[in-house]
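> First the structure, then my questions, so here it is.
4 protein chains.
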Amino acid sequence: MGVMRIGRAELRVLDLEKSVDYYTNIIGLNVVGRDEERVYLKAWDEWDHHSLILRKADAPGLEHMAFKVEKSDDLENFEKRIEQFGCTTRRISKGTRLGEGEAVRCELPTGHQLELYHEIEYLGPEVGTLNPHPWPENTRGIAPHRLDHCLLTGEDLESVTKFFTEVLDLHQSEKIMTVDEEVMVGSFLHARNGKPHDLAFIKGPDKKLHHAAFFVNNWYDVLKAADILTRNEVQIEVTPTRHGITRGETIYFFDPSGNRNEAFANGYITYHDFPTITWTEDKIGQGIFYHRRELMESFSLALT
Amino acid sequence: MGVMRIGRAELRVLDLEKSVDYYTNIIGLNVVGRDEERVYLKAWDEWDHHSLILRKADAPGLEHMAFKVEKSDDLENFEKRIEQFGCTTRRISKGTRLGEGEAVRCELPTGHQLELYHEIEYLGPEVGTLNPHPWPENTRGIAPHRLDHCLLTGEDLESVTKFFTEVLDLHQSEKIMTVDEEVMVGSFLHARNGKPHDLAFIKGPDKKLHHAAFFVNNWYDVLKAADILTRNEVQIEVTPTRHGITRGETIYFFDPSGNRNEAFANGYITYHDFPTITWTEDKIGQGIFYHRRELMESFSLALT
Amino acid sequence: MGVMRIGRAELRVLDLEKSVDYYTNIIGLNVVGRDEERVYLKAWDEWDHHSLILRKADAPGLEHMAFKVEKSDDLENFEKRIEQFGCTTRRISKGTRLGEGEAVRCELPTGHQLELYHEIEYLGPEVGTLNPHPWPENTRGIAPHRLDHCLLTGEDLESVTKFFTEVLDLHQSEKIMTVDEEVMVGSFLHARNGKPHDLAFIKGPDKKLHHAAFFVNNWYDVLKAADILTRNEVQIEVTPTRHGITRGETIYFFDPSGNRNEAFANGYITYHDFPTITWTEDKIGQGIFYHRRELMESFSLALT
Amino acid sequence: MGVMRIGRAELRVLDLEKSVDYYTNIIGLNVVGRDEERVYLKAWDEWDHHSLILRKADAPGLEHMAFKVEKSDDLENFEKRIEQFGCTTRRISKGTRLGEGEAVRCELPTGHQLELYHEIEYLGPEVGTLNPHPWPENTRGIAPHRLDHCLLTGEDLESVTKFFTEVLDLHQSEKIMTVDEEVMVGSFLHARNGKPHDLAFIKGPDKKLHHAAFFVNNWYDVLKAADILTRNEVQIEVTPTRHGITRGETIYFFDPSGNRNEAFANGYITYHDFPTITWTEDKIGQGIFYHRRELMESFSLALT
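Residue numbers (full-length UniProt numbering), protein chains in the order written: chain S, 1 to 304; chain X, 1 to 304; chain V, 1 to 304; chain H, 1 to 304.
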C-alpha cells in the first residue's frame, strides 16, 4: 500500500558521546540501543524502535535516511520500480542494525542513500496505549514528538522529484521555480500522511544534508526550544519564525558536529489531490523565512 | 488508491437563513453556491468546492456524509467491496448537487448514509497557490481551516468498525471497550492522512449525529472560538478542554437547529501501522474530557 | 508610600505532610522553612522569603493574609488610619513566624485577619539577578510565578471595599452590583501594581476563603496546569476558561484540605485613575465564567 | 501620589497621511482627533483620549514623551523637585494640544523633552465599562492594547537614571553595566505599575529615539504581528524572539519615517522593593536578544 513516512535518519557525527549528550539532554530523545559503531534514539511519541541513528565518522552528514512502507510486500514492489527507474538497489539484511528487519537501499539521483523498510521492532510511545495521558511525565530538553523530515541538497531537483512522485508515489506539496519557470530550485514531498513534507530538496551540491527536523507541538514550544538552546549555549542560526512554505513555525540550530537541526511546529494538512503550491525564486526569501524575507548566507552554505 | 478524507457533511437545519447566518458569520465559512433546497459552504483553507451542505428539513441531523477517494477508479472498486460486505449501494448521478460529480451511496450498519466520490469542482484555498500568505486577510468568526470529522452514534460499533477498516481500509486509531473488554462503545477511524479521526462512533441510537467538527489551529484559537461564541450568545456545551482520546483541544456548542458542533485543534499524527489505543469504559470520562473526567448528561442525550 | 501587593497567605490544612506534598509536587512551590506548626513556601519567581504558609488545623481556611508595604514607616501610618476607620489593630512581633519582621494585624469588616508588613527576609528569584535566564531549569508541577490574589466572602462588601480604598488606598478595578444597583455583591481590589486584583470579595458568609490563586504565564500554561491536575487526580472544579471580570484565563481546583486554588493567567493592566468596571448581577455568570455564563452550585457553596 | 505610567509619545513623521495609514491600518490604532499640525491616536484598550501623537516634521524622532501623574497636585510637587534637581521646567498650557490639560515640561539630562500631566479627556476602552467583553469585535492590524514604553539613547545614563529614580520616584528594574562595573550602558525604569519598563535608555547619542513599543497580549500575537507586517511589506528588523531583559516577547520594525516600533508581549511583574537586576556588557547580546545572543549593527545605528 505504499510509503507511510520518514522512518529514520542516520547522521554522521564527530564525537559520539558529545552527540549523545546533545541529542538526549538538549533535544530530549531517549537512547534505545547501542552497537559498536552506532547509538540508536527515539522520541517519546514515536512507536517504532528508533528514528535517529548516530554514527561516528570523520565528517558530519547523512549516512542514510529511510522510509517505512506499510506492507512487507511493498519492499519487493518498490525494488522493481526503483530498478525500472534506473537506480540500482541492494538489500540490507536484517540484523545489520539494531531492531531493524530487511531493507532495500538505493542511491537517489542526488547521490543520497535511501532505504525502504517495513520491519522494525516496536517499543511504543512513552505514554502507553491503554488509557494514555497526553504527554509523558518526565521529559528532558526540547522533547519533540518525532523526527519530522529531512531537507537535502542536490543538483537535479526535477529528477529526484520524479523519482519520489513516480516511483515512491509521494506527492509534491510545494515547489520553488526560477522566475522563468524553467528550473526547479526547491521541492517538498510527502507520503500519504497529511504532513507538508517528509523530505525536501533545495538546489545545491549533491549528497549533502541541509537539516534534520524534529516536530514540536506549537509556537510556544518553539519558544521553549529556543530558550533551552540559549541556556545550553547551542548556536541558533534562525531564531523563531514562520515558513511561508508549509506555514510551519520553526527554529534552526546546529548539533555538535555541525549538522543543522530544526524544531518545526504546525504546518497545514495536505493531500495527494491538492495542486502543488508554487513559489517563484524572487520570493524565496519570504517562502523560507516569512518574516525576514531573505536568506542569510549561512543557510545556503552550511551543509554537511 | 483509496479513501483520502472526509470530504463533506450535509446537515439538516430547521431555518435555512438563520443557519447560513450562523455558519458564515459565527463559524466563518463562505457560501459558494445555492440550489433550491441547499446552501453550500467552504472553509478558507479547503481546496474543493464545498465541505458543508445545509439543507432545510423538519428535523435536524445528518442527511449524509461523504469521503473523497483519490482516483476515479476507486469508486467502482469500493462499490464492489461494499456490496460484498452486504450493504446495498446506489449511484448518485453527477449534477444532483452543485459542483459534485458522481457518487456511490450506501447505508452504514448504523443506518447513516455514506457517499464516496472523487469528482468535485475545485475552488482552491483563499490564500491561493502562488507565493501564498499563511492566512487570508479577511476572515469572519471562528474561521476554521476545514471540516475535520463527524461523530455518529450507533448500536453495533463492531460491525461499523469492520466496515470501515475492512471495506474502506480506514485505520482505527482508538477504541473504547467495556471493562470486560467484550463490547466496543467507542471507535475512532481515519484514512491515510495522519489525522486521529475522520469519523468516529460512540454507542447510542442508530442514524444519529453527535457532532460535526471544524479544525482550528491551536489552543489560543480554541479560546478565541469560545470568546466569539459567548459574544454571539451561542450555547457552549463544553468549554475549552482537552480530549484524552486524540489529545485534541476542543469546545462543543450547538448550531441554531441543535446540531452539535466542535472546534477541534491539534491531536497527534497517526498511521495505519500504529496499534489501536484502548480506553476502558471506566475511564471514558477522562478519555473524552481529560480535565472534567466525567461526561455531562447532555453529551450523551443531545443527538440529532 | 503604601501597599505594594499581596505578600502572603497562611492556609489552614488538615494534614500537613499531604499538603506539603501537594503544594510542592503538584503546585510546584519550594519549601523554604518549617517551624513547629507551619511550613513556609515560595514560588520560583518571588523575591521574598515566602508567600504561602501552611498551618495544621482542625478545619481548612485562611488563617491570615498579608500585604507588603513599601516603607517601614508605612506600618505606623496605616495602623493609625485603620484605628481611625474603627478597626482594632495589634502588633505581631518579629520572630513570630520564620523570616518575617514586625506586622500590624487587624480584623476586616468581613471578619478576616489581615496583616501589613514591610520587613521580610530576602531569598531572590530562582533565576538570580545577574544575567538571569527567563525561567529556572528545574521546576516541578504547575510551577506558578507567584501567589497572585485571594478571593474571600463577606456580608458587607460596601464596608470592606471602603476599608481597602480609603484606608489602604487600594483601587477597585471592578464591582458586581445587584440589578437595582443598590447592593455590591462583588468587589475586586488592587494596589499600585497594575494587577487587576490582589484581593477580591464576593457576597457570602463572613470569614470564609473562596480561593487562593497562583499566577501562570499564559493560556498554554493553564492547559498544562489542567493536564498536571488530571494526571495527579486532583479534583478540578472549573476546567480552563476565561473570566469576564479581569479577562484572566483560569482553572479552579482543590487542595487536599478542600481549600480552593486557582491557576490564573493574563488579565489586563489597570491603574488608580481607571473608572471601576461594573457588572450587573444578571450577567454575573458571564462575568465570572465568560464561556459557561452561569455559576455552578459548588462555586458558591464550597468555602473554607 | 506620583507617576502612574507613560501616557503619550509625540512622534515626528515625514509624511503625515502615510503615517496615519500605517498607524491605523497596520498597527491598528484609532484616530481620535486632528489639529493643524498633528493627528492623535488611541489603542483600543486605553482609557485616556490619546497615547500617540503624530506630528509632521522634516526629520523623524521623538518630539516629546509624557508621564501621567495620579493627582493634579503632583504636577506642582514634581515641578519643584525637577527644579531642585537642576533642570528648568515650563508649563504647557491647557489647550495646546487636543484633549490635554496643563503639563509641566522639562529637558532630561539626555536632551529629550519630558512632560508630566494629570488632566486629559477620557474616552474609555473600546469594550466599555459595563459588562464588557474581553476584546472588541472589530480591530485592524496588530491591534495592540496600549502604548507600552519608549527606549531612548543618551550619553549619561547615571544622571538620567538618578533623575527618574530620585525626582520622579521610578524604580530601576534592570541595568546593563560595563564589565568593570563602572559605566551604566543600559537602564530600565518603571513607575508603580508592575511593568518592567515605562521608559528605558541605552548608551548612545543624546536626544535620540530608539523605539516606541506597543503591548500585545502573548507570543501568538507576536507571531500575528509579524505575519501582518510581512503581508504589508513593512520592514522587520528583528523577527520574533525573547528579551533576556524583561523576559518580554518581541519584534522590531520601522514606521514609514524610520521610527523604530516594537510589538512587546509578556514580561514579568516587578516592584519598587525588588533589587535591580544587573546585566554585564559581555552578555548584552543575550540580554537584549536572548536567542540571537548578539546585536545586529542596525540595532545600535538606526536612531531617529
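The beta carbon of each residue, even a glycine, is placed where N, CA and C say it ideally should be.
Say whether chain S places a C-beta atom closer than 8 angstroms to the C-beta of Pro-134 (chain V).
So yes, Pro-134 (chain V) belongs to the interface.
> If contacts are defined as beta-carbon pairs under 8 angstroms, then Lys-68 (chain X) and Arg-5 (chain X) qualify, I think. What distance do you get, rounded to the angstrom?
Their Cβ separation, rounded to whole angstroms, is 6 angstroms, which keeps Lys-68 (chain X) and Arg-5 (chain X) in contact under 8 angstroms.
> Which stretch, first to last residue, makes up the alpha helix (DSSP H) that contains Lys-162 (chain X)?
Judged by DSSP secondary structure, Lys-162 (chain X) falls within the alpha helix (DSSP H) whose first and last residues are 157-162.
> When you compare each of S:Asn-266, S:Leu-14, S:Leu-114, S:Asn-25 to Gly-141 (chain S) by their alpha carbons, which one comes out closest?
S:Asn-25
> Starting from Asn-261 (chain X), follow the beta strand (DSSP E) in both directions and report where the run begins and ends.
Its beta strand (DSSP E) spans residues 260-265.
> Show which residues of chain V have a CB atom less than 8 angstroms away from the CB atom of Arg-105 (chain S).
Residues of chain V passing the Cβ test: none, with the nearest at roughly 42 angstroms.
> Can you list, in chain order, the residues of its chain with a C-beta nearer than 6 angstroms to that of Ile-245 (chain V)? Leave out the 5 residues immediately preceding and following it.
Glu-174, Gly-287
> Fully enclosed by the region 143-208 of chain S, which alpha helix (DSSP H) runs are 4 residues long or longer?
Taking 4 residues as the shortest admissible run, the region 143-208 of chain S contains the following complete alpha helix (DSSP H) segments, listed from N- to C-terminal end: 157-162.
> Is the closest heavy atom of the ligand SAH to the C-beta of Leu-62 (chain S) under 7 angstroms?
Because no ligand of any kind appears in the structure shown, any question about the ligand SAH cannot be addressed here.
> Taking the CB atoms as reference points, tell me whether Gly-101 (chain H) and Ile-82 (chain H) lie closer together than 8 angstroms.
Annotated as distal: Gly-101 (chain H) and Ile-82 (chain H), with beta-carbon spacing of 8 angstroms or more.
> Note down, in chain order, all residues in the region 224-257 of chain H with a beta-carbon under 7 angstroms from any beta-carbon belonging to chain X.
Within the region 224-257 of chain H, Asp-227, Arg-231 place their CB atoms closer than 7 angstroms to a CB of chain X, listed in sequence order.
> Taking only the alpha-carbon atoms, compute the straight-line gap between Leu-152 (chain V) and Phe-163 (chain V) and give it to the nearest angstrom.
15 angstroms
> With distance defined between alpha-carbon atoms, name the residue in H:Thr-139, H:Arg-91, H:Gly-99 nearest to Leu-116 (chain H).
H:Arg-91
> Near Asn-261 (chain H), which residues of its chain fall below 8 angstroms by C-beta distance, leaving aside the five closest residues on each side in sequence?
Close CB contacts of Asn-261 (chain H) within its chain, under the 8 angstroms cut and outside five residues either way in sequence, are with Ile-27, His-211, Ala-212, Ala-213, Phe-214, Tyr-252, Phe-253, Phe-254, Asp-255 (chain order).
> DSSP has Arg-242 (chain H) in a bridge; who is on the other side?
H:Glu-249
> For the beta strand (DSSP E) containing Leu-114 (chain H), name the first residue and the last one.
113-117
> Are any of the Cβ atoms in chain V nearer than 8 angstroms to that of Glu-137 (chain H)?
Closer than 8 angstroms: no.
> Out of X:Ala-200, X:Tyr-122, X:Leu-295, point me to the one whose CA is closest to His-50 (chain X)'s CA.
X:Tyr-122
> Counting contacts by CB-CB distance shorter than 8 angstroms, is Trp-47 (chain H) in contact with chain V?
yes
> Could you pull the start and end residues of the beta strand (DSSP E) that Ile-277 (chain S) belongs to?
277-280
> In three-state DSSP terms, what is Val-20 (chain H)?
DSSP places Val-20 (chain H) in helix when its eight states are reduced to three.
> Classify Gly-248 (chain V) as buried or exposed, calling it buried when 16 or more other Cβ atoms lie within 10 Å of its own Cβ.
buried
> Suppose you measure from the CA of Gln-113 (chain V) to the CA of Glu-233 (chain X); what does that come to, to the nearest Å?
Computed Cα separation, rounded: 41 angstroms.
> Which two residues bound the contiguous alpha helix (DSSP H) that contains His-140 (chain H)?
Inspection of the sequence shows that residue 140 (chain H) is occupied by Arg rather than by His. Neither: Arg-140 (chain H) is in no alpha helix (DSSP H) and is coded neither H nor E.
> Pro-205 (chain H): buried (16+ other C-beta within 10 angstroms of its C-beta) or exposed?
exposed
> Just how far apart, CA to CA, sit His-64 (chain V) and Leu-209 (chain V)?
Between His-64 (chain V) and Leu-209 (chain V), the C-alpha separation is close to 10 angstroms.
> To the nearest angstrom, how far is it from the Cα of Ile-228 (chain H) to the Cα of Met-296 (chain S)?
22 angstroms
> Tell me, please, which residues DSSP counts as bridged to Ile-53 (chain H).
H:Glu-10, H:Tyr-40
> By DSSP, does Glu-223 (chain X) sit in helix, in strand, or in coil?
Residue identity check: residue 223 (chain X) is Leu in the sequence provided, not Glu. Of the three classes helix, strand and coil, the one that applies to Leu-223 (chain X) here is helix, per DSSP.
> Answer with buried or exposed for Glu-17 (chain V), where buried requires no fewer than 16 other C-beta atoms within 10 angstroms of its C-beta.
Counting the other Cβ atoms within 10 Å of the Cβ of Glu-17 (chain V) gives fewer than 16, which makes it exposed.
> Can you tell me where the alpha helix (DSSP H) holding Ile-26 (chain H) begins and where it ends?
Ile-26 (chain H) -> no alpha helix (DSSP H), and no H or E assigned at all.
> Under the assumption that Met-177 (chain S) contacts Thr-161 (chain S) (Cβ atoms under 8 angstroms), give the Cβ distance between them as a whole number of angstroms.
With a Cβ gap of about 12 angstroms, Met-177 (chain S) and Thr-161 (chain S) do not count as contacting.
> For Pro-196 (chain V), count neighbouring C-beta atoms within 10 Å of its own C-beta (all shown protein chains included) and say buried if the count is 16 or more, exposed if not.
buried
> Going by alpha carbons, who is nearest to Leu-54 (chain H) out of H:Gly-128, H:Glu-10, H:Leu-168, H:Thr-278?
H:Glu-10
> Is Leu-130 (chain H) helix, strand or coil by DSSP?
Secondary structure of Leu-130 (chain H) (DSSP, three-state): strand.
> Here's the rule: buried if 16 or more other CB atoms are within 10 angstroms of the residue's CB, otherwise exposed. What is Thr-96 (chain X)?
exposed
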